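For reference, the structure is listed below as structure tokens.
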Amino acid sequence: MRAWTVYIPIFIVLLFVHSAHSEQKYLRLYPSAVLGKNGIALEDLGKTNTSLLKNQVLFIPQYLKLNQSISGFWLRKSDISELLIQQYPEHSFSILGPDVIKVKCQMTVFNEKELQEKIKSVYKEELLESKEFSVKILQRAENLNVCNSFDKYHLSRSVKGELRKIEAITISSLGHLKQPSITTVWVEVEDYRDVLTAAENIEQGTHSSSIRVKNSLVDVTKVKGVTIKEVPADTRLQRNIGIGQVLVKDNFESIPDIESGDTVRVISIVNQVKVFTTGTAMSDANLGEYVSIKVDYGQSYLEGKVENNKTVIIMEET
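With the working numbering applied, the sequence shown corresponds to residues 6 to 323, in that order.
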């Protein structure tokens, strides 16, 4: 009888310990989880042997987010354990798995209509002068894991300067210094404006005062160069222009002091004696430059320095 009184309590104690151990709650962490609107769903955080916390979330304070970027952050296992104790004190968990896990932000879906309106706002300066302006998205915006809501995105032209028919729009996330650029969207732009076009065929060298133009409504994204609102004074054309062609700033150049073919006054100085005659300039030249002159009433060519009033000074040696 004494032997039974010794072993029965021990058997009961061992059975109780085994039963308690088998009911212990554990959470085996996954390598990564997704951050929802209010936190991480415990079902996404790891595998557990209890359903007590089903449909519950774990709120993550900002200061615990390691190496945070626009797409997510890292979270320590030890911090997860502390957060579970704080937010769910009625449950005790053994936390298993990696020491840190990757937490990704929710997938952001770009609304095409909303995105198109935001892209148009990038061209607010162009819209002020445009008669008709439109933007067409050439590719669907990529859906990404991003921590910001859409109203916190910043859009900008990838390449500044002259407006192009096909443009790249960079979408960036505000508030993050690391990896600010999210993605790029390619768009097709139409920008119709009143511009000057040639009313006739115009030859190279024609002075601006003799050029006939008209106003036309044109998509300037197809025009290479900067369009003009009026013909610049005291200029000439650098190249031939066809009828209907859009006039741009680079079509024009300043008129030189002497143009090729101009009749000029020639002063030849020999031993301080001045001889006056006339001649024809063989090229363009400005004040202080040298130009070749075909002297009238002869076949000789002389080179002289351009003075004012279409005068060329030729210093001849004896």
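Just so you know, even glycine gets a beta-carbon here, dropped at the ideal spot from N, CA and C. Quick caveat, the model's predicted, so the values are computed rather than measured.
Leaving out five residues before and five after Asn54 in sequence, what residues of the same chain have Cβ atoms less than 7 angstroms from its Cβ?
Excluding positions up to five away in sequence, the list reads Lys30 and Tyr31.
Residues in its own chain within less than 6 angstroms of Leu69 by CB, not counting five upstream and five downstream?
Excluding sequence neighbours, Leu69 sits near Asp84.
Taking a contact to mean a Cβ-Cβ separation below 8 angstroms, would you say Thr202 touches Leu252 in this structure?
Yes.
On the criterion of 16 or more Cβ atoms from any shown chain inside 10 Å, does Glu208 qualify as buried, or is it exposed?
The residue is exposed, with fewer than 16 neighbouring Cβ atoms inside 10 Å.
Would you mind reading off the limits of the beta strand (DSSP E) that contains Lys109?
Here the beta strand (DSSP E) through Lys109 covers Val105 to Cys110.
Going by DSSP, what residue range makes up the alpha helix (DSSP H) through Leu132?
Leu132 -> alpha helix (DSSP H) spans Lys129 to Glu134.
Using a 10 Å radius around the Cβ and a threshold of 16 neighbouring Cβ atoms, would you call Leu292 buried or exposed?
Looking at its Cβ environment, which holds fewer than 16 other Cβ atoms inside 10 Å, Leu292 is exposed.
Short check: CB of Leu160 to CB of Ile124, under 8 angstroms?
Yes. Within cutoff.
To the nearest angstrom, how far is it from the Cα of Asp196 to the Cα of Val228?
Cα to Cα, Asp196 sits roughly 11 angstroms from Val228.
Would you mind listing the beta strand (DSSP E) stretches within the stretch 17-87 that are 3+ residues and don't spill past its ends, in chain order?
Listed in chain order, they are 30-34, 37-40, 51-53 and 77-81.
Alpha carbon to alpha carbon, how far is Leu222 from Lys279? Give it in angstroms, no decimals.
So the two alpha carbons sit approximately 58 angstroms from each other.
What residue range is occupied by the uninterrupted beta strand (DSSP E) comprising Ile272?
Element bounds for Ile272: Thr268 to Val275.
Give the straight-line distance between the Cα atoms of Leu307 and Ser297, rounded to the nearest whole angstrom.
Taking the straight line from one Cα to the other gives about 6 angstroms.
CB-CB under 7 angstroms to Asp104, same chain, minus the five flanking residues each way: which ones, in chain order?
Once the five neighbours on either side are set aside, the close Cβ partners of Asp104 are Arg81 and Lys82.
Tell me where the beta strand (DSSP E) around Leu160 begins and ends.
Where Leu160 is concerned, the enclosing beta strand (DSSP E) stretches over Tyr158 to Arg162.
For Thr285, tell me which candidate among Val275, Arg162 and Glu264 has the shortest Cα-Cα distance.
Nearest option by C-alpha distance: Glu264.
May I ask you to report which of helix, strand or coil DSSP gives Lys141?
Correct three-state label for Lys141: strand.
Can you give the Cα-Cα distance for Gln250 and Val236, rounded to whole angstroms?
If you take the alpha carbons of Gln250 and Val236, they lie about 14 angstroms apart.
For the structure I just gave you, are there three or more beta carbon pairs, one from the stretch 299-318 and one from the stretch 255-273, closer than 8 angstroms?
At 8 angstroms Cβ cutoff, the stretches touch.
Spatial neighbours of Phe189 within its chain, please: CB distance less than 8 angstroms, with the 5 preceding and 5 following residues excluded, ordered by chain position.
According to the sequence shown, residue 189 is Thr rather than Phe. For Thr189, where only same-chain residues beyond five positions count, the Cβ hits under 8 angstroms are Ser163, Ala173, Ile174, Thr175 and Ile176.
Between the Cα of Leu88 and the Cα atoms of Asn72, Phe64, Gly230 and Cys110, which residue gives the shortest distance?
Leu88 has its Cα closest to that of Phe64, out of Asn72, Phe64, Gly230 and Cys110.
Under the rule that 16 or more other beta-carbon atoms within 10 Å means buried, what is Val225, buried or exposed?
Buried, since its Cβ has 16 or more Cβ neighbours within 10 Å.
Under the three-state reduction of DSSP, which class applies to Leu307: helix, strand or coil?
Strand at Leu307.
In this structure, does DSSP put Glu172 in helix, strand or coil?
Strand.
Please tell me whether Leu242 and Gly210 are closer than 8 angstroms, where the distance is taken between their beta carbons.
In this structure, Gly210 lies closer than 8 angstroms to Leu242 by Cβ.
Near Ser319, what residues of its chain come up, given a Cβ to Cβ distance below 6 angstroms and the 5 sequence neighbours on each side ignored?
In the sequence on display, residue 319 carries Ile and not Ser. Excluding sequence neighbours, Ile319 sits near Ser273, Leu307 and Gly309.
The beta strand (DSSP E) that contains Thr283, what's its start and end?
Per DSSP, Thr283 belongs to the beta strand (DSSP E) from Val278 to Ala286.
Grouping DSSP H, G and I as helix and E and B as strand, with all else coil, what is Val231?
Note: Val231 maps to coil in three-state DSSP.
Can you round the beta-carbon distance between Ile233 and Lys219 to whole angstroms, since I take them to be within the 8 angstroms contact cut?
No, Ile233 and Lys219 are not in contact; Cβ-Cβ is about 13 angstroms, not under 8 angstroms.
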